[in-house]
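K.L.:
Numbered by the numbering used here, the letters in the sequence shown go through residues 6 to 398 in order.
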Amino acid sequence: RFSYIYIVLIVFTIPKIIPAEGYNDKITRNRSSLDKLKSEIDAIQQQIDQTKKKETDTNEQIALLDKKVAYISRARGLLERERRLLNAKIDESNQQLAETQNRIKQLKALYAERAVYAYKYGRVRNLELILSSSSLNEALIRYRYLKLIAEHDRRMIESIQEKEAEIIKLKTDLEKNLNLKSRNLREKKKEESNYLTNRSKKSNLLKEIYKQKTNYLSQLKRKEREREQLTKLIAELERNRRQQKASDKPSDYVQFDFDDITKARGKLPWPVNGKVITKYGRQRDPGGSKTYINNTDIEIQSKLGTPVKSIFSGVIRIITYLPGYGNTLIVDHGKGYYSVYSHLDEIYVQKEDFVKTGDVLATVGDSGSFTGAKLQFGIYGSQESYNPEIWLQ
């Protein structure tokens, strides 16, 4: 009889299922970024409509159209990220639902066993058990055990009710996430259509630029100006890093302590598979003009949609659009070293995300490019650029 009390105690040591809030937070943050991006896409479209009315030159039109296509690509990346998060959340909910249903089954079986015992023996048997004690001390001990069993019976009923409420909540959450997934698929299909339409328009405008040498040279000069802007972004990141390091005040700036990237020099994995088409340093324009360009990075030709991976552990510090560079993200590897990835299509990470070596950050695109799909990749340290090919294995 008293061994039964031990069984009851074991059952009540089973912990409750506490749904993790991690996925919900990530989905909410992702959706917030997506909504903001959609508003920016609408604003760009208004600018495009205005330029058409003013009959502005091709360069301005293509700059706006390229930015719109780049933002649509980022929206597609956020939708893909949302899809993965929702799938993970749905899988988690299904697992929790199965576990909860199994536990409620165990509790009901145990309670049924207790009910049979109570029906057979009831209070009379319990009273006999106390009265048949050989001493007052034994009677008190038996009374306490019987009281404990009664308390566990009450708690068992409450636990069954709680588990049933958990099942209802899990089913509701599951249905909600399945509806969100359906919405996600509809939105992704719409953005895919927008992407293809606007890429086609961009391609037609690029053909016009190739025919006009002055426009082509204008694009090269614009890229030189944007290179300075990229350098300023990295310099600002480095200033922030040093200020936070020197300050004792709490900050939103995510700190970390990863391995020293300089020790991996010459051993870092390539961010993407492909052929290097533009070397580091002073190079002649591959477009055929007599212009020389001082490259602070390299360009790797690759197919549209090829995964772009992080070369080393770090934190995503910047995700932005730069004319001439397109969708660009910067990873902080610590100690003043950064890697820069440009001309991206879909981006799967968010600002302040931690990433590891080999994590997929984005896919190769042609945003900001007028020579097709490629990855522009750079390594910076102490506010200077380095030849990436020397750092990669």
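We put the beta carbon where it would ideally sit given N, CA and C, even for glycine. Here the structure is a predicted model, which is why all the values come from computation and not from measurement.
So Ile316 is in the beta strand (DSSP E); what residue range does that whole segment cover?
P.N.:
Unbroken run through Ile316: none, as it is neither H nor E.
K.L.:
Let's test the definition: count the other Cβ atoms within 10 Å of the Cβ of Lys379 and tell me whether it reaches 16, buried, or not, exposed.
P.N.:
Around the beta carbon of Lys379, 16 or more other beta carbons sit within 10 angstroms, so the residue counts as buried.
K.L.:
At which residues does the alpha helix (DSSP H) containing Glu394 begin and terminate?
P.N.:
Unbroken alpha helix (DSSP H) run through Glu394: Pro393 to Trp396.
K.L.:
Measuring only between beta-carbons, confirm whether Arg34 sits less than 7 Å from chain B.
P.N.:
In the structure shown, chain B does not exist; there is a single protein chain.
K.L.:
To the nearest angstrom, report how far apart Glu26 and Leu84 are at their CA atoms.
P.N.:
For Glu26, the pLDDT reaches just 45, beneath the cut-off of 50, and the residue's location in the model is therefore unreliable, although a value from the coordinates is still provided. C-alpha separation (whole angstroms): 20 Å.
K.L.:
Classify Ile266 as buried or exposed, calling it buried when 16 or more other Cβ atoms lie within 10 Å of its own Cβ.
P.N.:
buried
K.L.:
Contact between the segment 98–117 and the segment 146–166 is defined here as three or more beta-carbon pairs at a separation below 8 Å; is this criterion met?
P.N.:
yes
K.L.:
Could you have a look at Ser4 and say whether DSSP puts it in helix, strand or coil?
P.N.:
With the chain covering only 6 through 398, there is no way to say anything about residue 4.
K.L.:
By DSSP, does Leu309 sit in helix, in strand, or in coil?
P.N.:
coil
K.L.:
Pull up the distance between the alpha-carbon of Ser390 and that of Val365, whole angstroms please.
P.N.:
Here the alpha carbons of Val365 and Ser390 stand approximately 23 Å from one another.
K.L.:
Since Thr333 contacts Asp350 with CB under 8 Å, what's their CB separation in whole angstroms?
P.N.:
With 8 Å as the limit, Thr333 and Asp350 do not qualify as a contact, their Cβ atoms being about 12 Å apart.
K.L.:
If you draw a straight line from the alpha carbon of Leu102 to that of Lys195, how long is it in whole angstroms?
P.N.:
Approximately 33 Å, taken between the alpha carbons.
K.L.:
Using C-beta distances below 6 Å, list every residue in its chain close to Gln381, excluding the 5 sequence neighbours before and after it, in chain order.
P.N.:
Asp302, Glu304, Ser347 and His348
K.L.:
With Arg287 as the anchor, note down where its beta strand (DSSP E) starts and where it stops.
P.N.:
Gly286 to Arg289
K.L.:
Just how far apart, CA to CA, sit Leu273 and Gly339?
P.N.:
15 Å
K.L.:
Please report the straight-line C-alpha distance between Ser198 and Val74, rounded to a whole angstrom.
P.N.:
11 Å
K.L.:
Since Phe382 is in the beta strand (DSSP E), which residue starts that stretch and which ends it?
P.N.:
Lys379 to Gly386
K.L.:
Thr283 bridges to which residues according to DSSP?
P.N.:
Paired residue(s): Glu304.
K.L.:
Below 8 Å on the Cβ atoms is my guess for Gly363 versus Val336; work out the distance and round it to an integer in Å.
P.N.:
Contact flag wrong, Cβ pair sits at about 13 Å.
K.L.:
Could you compute how far the alpha carbon of Ser140 sits from the alpha carbon of Arg160?
P.N.:
30 Å
K.L.:
Could you name the residues of the same chain whose beta carbon sits closer than 8 Å to that of Asn189, not counting the 5 residues immediately before and after it, in chain order?
P.N.:
Leu84, Glu87, Arg88 and Leu91
K.L.:
Compare the beta carbon distance of Lys207 and Leu39 with 7 Å and say whether it is the shorter of the two.
P.N.:
no
K.L.:
Pick out whichever of Leu115, Ser187 and Gln398 has its Cα sitting closest to the Cα of Ile95.
P.N.:
Ser187
K.L.:
What are the boundary residues of the beta strand (DSSP E) that Gly331 is part of?
P.N.:
Per DSSP, Gly331 belongs to the beta strand (DSSP E) from Gly331 to Gly339.
K.L.:
Let's see if you can read the secondary structure: which residues bound the beta strand (DSSP E) around Leu368?
P.N.:
At residue 368 the sequence reads Thr, which differs from the Leu that was named. Residues Val365 to Val369.
K.L.:
Using CA atoms only, rank isn't needed, just tell me which of Arg36, Leu179 and Val313 is closest to Glu97.
P.N.:
Leu179
K.L.:
Please identify the residue among Glu233, Gln306, Gly286 and Arg270 whose C-alpha is closest to the C-alpha of Gly279.
P.N.:
Gln306
K.L.:
Smallest Cα separation from Ser374: which of Glu45, Gln398, Ser344 and Gly331?
P.N.:
Gly331
K.L.:
Please state whether DSSP places Ser138 in a helix, a strand or coil.
P.N.:
coil
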